[in-house]
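Trainee:
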Amino acid sequence: MGKFWFAVVVGAALGVLDGLTSWFTPAVRAQLAGIVVGSTFKGAIAGAIAGWFAKKVNSVPLGILVGLVAGLLLAYGVAAMQHGYYFEIMLPGSLVGAIAGYAGQKRQEAKASS
Amino acid sequence: MISDKVLARLKTAAELPDLRGTRYSVIEQIGRGGMGVVYLGEDAELGRRVAIKVLDDAREARVLAGLEHPGIVPVHDAGVLPDGRCYYAMKLVRGARLDAFLEKTAHLQDRLRIFQRICEPVAFAHARGVVHRDLKPSNIMVGEFGEVLVMDWGAPGVGTPDFMAPEQAAGEVDGRADVFALGKILEIAAGESIPKPLRSICRRATETDPAQRYQSPVELSADVAAYLDHMPVSAHRESVGERLVRFGSRNRTLLALVAAYLIMRLIVILWLGR
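One line per chain: the protein sequences are A and B, in this order.
For the first sequence, our numbering assigns the number 78 to the initial residue and increments by one for each residue that follows.
For the second sequence, our numbering assigns the number 3 to the initial residue and increments by one for each residue that follows.
(1) Could you check whether the Cβ of residue 267/B sits closer than 7 Å to any Cβ belonging to chain A?
(2) Answer with yes or no whether the minimum CB distance from residue 108/B to chain A is below 7 Å.
(3) Using 8 Å for Cβ pairs, my map puts residue 78/B next to residue 92/B. What's the rounded Cβ distance?
(4) Does any residue of chain B bring its CB to less than 7 Å from the CB of residue 153/A?
(5) Candidates 95/A, 141/A, 79/A, 82/A: which alpha carbon is nearest residue 267/B's?
(6) Is it right to say residue 198/B is buried, meaning 16 or more other beta carbons lie within 10 angstroms of its own, or is it exposed?
(7) What is the rounded straight-line gap between the Cα of residue 217/B and the Cα of residue 91/A?
(8) Measuring only between beta-carbons, confirm whether residue 262/B sits less than 7 Å from chain A.
(9) Using the beta-carbon of each residue, which ones in chain B are nearer than 9 Å to residue 127/A?
(10) Quick one: measure Cβ to Cβ for residue 263/B and residue 173/A, integer angstroms, because I've assumed they're closer than 8 Å.
(11) DSSP three-state call for residue 69/B: helix, strand or coil?
(12) Which residues mark the beginning and the end of the alpha helix (DSSP H) in which residue 245/B is found?
(13) Could you tell me whether the Cβ of residue 176/A comes closer than 7 Å to any Cβ of chain B?
(14) Find the nearest neighbour of residue 163/B within the set 137/B, 245/B, 155/B, 156/B, judged by alpha-carbon distance.
(15) Going by C-alpha to C-alpha distance, which of 25/B, 101/B, 111/B, 259/B sits closest to residue 196/B?
(16) Just to make sure I have the definition right: I need the residues of chain A whose C-beta is within less than 8 Å of the C-beta of residue 259/B. Which are they?
(17) Thinking just about the alpha-carbon of each residue, which of 247/B, 184/B, 50/B, 6/B is nearest to the one in residue 135/B?
(18) Which of the three DSSP states, helix, strand or coil, is assigned to residue 134/B?
(19) Taking three-plus beta-carbon pairs below 8 Å as touching, is the stretch 101 to 112 of chain A in contact with the stretch 130 to 144 of chain A?
(20) Mind listing, in chain order, the continuous alpha helix (DSSP H) runs of no fewer than 4 residues lying wholly within the stretch 99 to 146 of chain A?
(21) Using only CA atoms, which one of 183/A, 128/A, 113/A lies nearest to residue 97/A?
(22) Taking the Cβ atom as the reference point for each residue, do residue 195/A and residue 170/A lie within a distance shorter than 7 Å?
(23) State yes or no: is the beta carbon of residue 256/B nearer than 7 Å to at least one beta carbon in chain A?
(24) Can you tell me the Cα-Cα spacing of residue 95/B and residue 20/B, whole angstroms?
(25) For the beta strand (DSSP E) that contains residue 183/A, what are its first and last residues?
(26) From the beta carbon of residue 189/A, is the nearest beta carbon of chain B less than 7 Å away?
(27) Once you ignore the five residues that flank residue 206/A on each side, which residues in its own chain have a CB closer than 8 Å to its CB?
(28) Rounded to a whole number of angstroms, what is the C-alpha to C-alpha distance between residue 80/A and residue 121/A?
(29) Starting from residue 95/A and walking both ways along the alpha helix (DSSP H), at which residues does that stretch end?
(30) Looking at residue 28/B and residue 56/B, is the spacing between their C-beta atoms short of 7 Å?
(31) For residue 78/B, does the three-state DSSP call read helix, strand or coil?
(32) Name, in chain order, the residues that DSSP records as bridge partners for residue 92/B.
(33) With DSSP as the reference, please indicate the residues paired to residue 45/B in a beta bridge.
(34) Verify the CB distance criterion: does residue 117/A have a CB-CB separation below 7 Å to chain B?
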């Protein structure tokens, strides 16, 4: 698995876990399934951006930054659609992006077969 | 009456080799090895300082001339003195002997990187069928820019007791005798509070039975590289705790990000649960 798909998978997996944490908040527990789907999608897109960047630029700090910004902007979009929960959605979302960015940078690119 | 000081100077001058008829002149003695004496000299033709080694036979010069490597002192010229002894001129290495260098180098990682550079020329020589036989800190120079130069090649087989492999006393010498000496040098480079994996590397390198040692300086250096990269070391069976510590050392950024996420998530959960 190359950098791009690895970051997508890590972003999506973290998105699932991030979405599942909403179970701890009784006010939104009823919408758990929707939150998990949305969070997974958001994580996968952040991972795709971070993975694409990792293929172009080899820098862990920049990769983390790009993932963080991508996660932050995507989470802002989700929060804006909710008309609230900006702090609660954007902060963890940005960190999910940052971790996906780190994963993309650390992943060794698969060697082209001859 | 001639004073003791004058007498000593006369004695020193008399001991200097007669280099008339060569392009070199001797300035002073700068070292003495098991095989010969090293002098600081001047190359009149090129106007540069050189090191001139005077010894009984030309074997060492021939060995050195066949080993062209950045970590092995290059031979410029060789010849025979009027008294029948041989000499060869080589690059004058400016820097510190390994033991002096290690004394003023505090960081273990820096010491280990220098050690890896010592392994390179030794492995190169082994690939060409040359065994050093007398590796020790005083035979290794560290230059002004961190370059490592291994000297005193061509020793006849008797090493220095503290660095000599057990089988060397019986005259059975192959590259693994150098691995033993490198293990002893690694012990010195690692210092007193030596970490467990590094201690295991030293132990394997200095095994009494050559078959139990690393079989080459390349293998030894690879294990040191693994230690430096927080990777598993082949000489050391690590506990679960050690493995976790090593994982933490390798993945500090990831752990920091995950910790930041968890703390953030906890704060959010507590914030919403108010």
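All residues carry an ideal CB built from backbone N, CA and C; glycine is no exception.
Mentor: Quick answer:
(1) With 7 Å as the cut-off, residue 267/B counts as an interface residue toward chain A.
(2) Chain A contact via Cβ: absent.
(3) Between residue 78/B and residue 92/B a beta carbon distance of about 6 Å is seen, short of the 8 Å cut, so the two are scored as contacting.
(4) It does not: the Cβ of residue 153/A has no partner Cβ on chain B nearer than 7 Å.
(5) Comparing Cα-Cα distances from residue 267/B to each of 95/A, 141/A, 79/A, 82/A, the minimum goes to 95/A.
(6) In the assembly as shown, residue 198/B is an exposed residue. Its beta-carbon has fewer than 16 other beta-carbons within 10 Å.
(7) If I take the Cα positions, the gap works out to 46 Å.
(8) Taking 7 Å as the threshold, the shortest C-beta distance from residue 262/B to chain A falls below it.
(9) Near residue 127/A there are no residues of chain B at all, since even the closest Cβ is about 12 Å away, more than 9 Å.
(10) Contact holds; Cβ gap of about 7 Å.
(11) Note: residue 69/B maps to coil in three-state DSSP.
(12) Counted as a single uninterrupted DSSP element, the alpha helix (DSSP H) harbouring residue 245/B occupies residues 242 to 252.
(13) Yes, contact with chain B.
(14) When only C-alpha atoms are compared, the closest one is 137/B.
(15) The closest CA to that of residue 196/B, considering only 25/B, 101/B, 111/B, 259/B, is found on 111/B.
(16) Within 8 Å Cβ-Cβ: 141, 172, 175, 176, 179.
(17) Put simply, of 247/B, 184/B, 50/B, 6/B the residue whose alpha carbon is nearest the alpha carbon of residue 135/B is 184/B.
(18) The answer is coil: DSSP assigns residue 134/B none of H, G, I, E or B.
(19) Too few Cβ pairs lie closer than 8 Å, so no.
(20) Fully enclosed alpha helix (DSSP H) runs of 4 or longer: 109 to 133.
(21) Minimum Cα distance to residue 97/A is reached at 113/A.
(22) Because residue 195/A is not part of the residues shown, which for chain A are 78 to 191, the question remains open.
(23) For residue 256/B, the nearest CB of chain A lies under 7 Å from its own CB, placing it at the interface with that chain.
(24) If you take the alpha carbons of residue 95/B and residue 20/B, they lie about 23 Å apart.
(25) Not the beta strand (DSSP E): residue 183/A falls in the alpha helix (DSSP H), residues 163 to 183.
(26) With a pLDDT of only 49 at residue 189/A, under 50, the local geometry of the prediction cannot be trusted, and no value is derived from it.
(27) Because residue 206/A is not part of the residues shown, which for chain A are 78 to 191, the question remains open.
(28) So the two alpha carbons sit approximately 13 Å from each other.
(29) Residue 95/A -> alpha helix (DSSP H) spans 80 to 97.
(30) No, the Cβ-Cβ distance between residue 56/B and residue 28/B is not below 7 Å.
(31) Residue state for residue 78/B is assigned as strand, using DSSP reduced to three classes.
(32) Answer is 53/B, 77/B.
(33) According to DSSP, residue 45/B shares a beta bridge with 26/B, 50/B.
(34) For residue 117/A, no CB of chain B lies under 7 Å from its own CB, so it is not counted at the interface with that chain.
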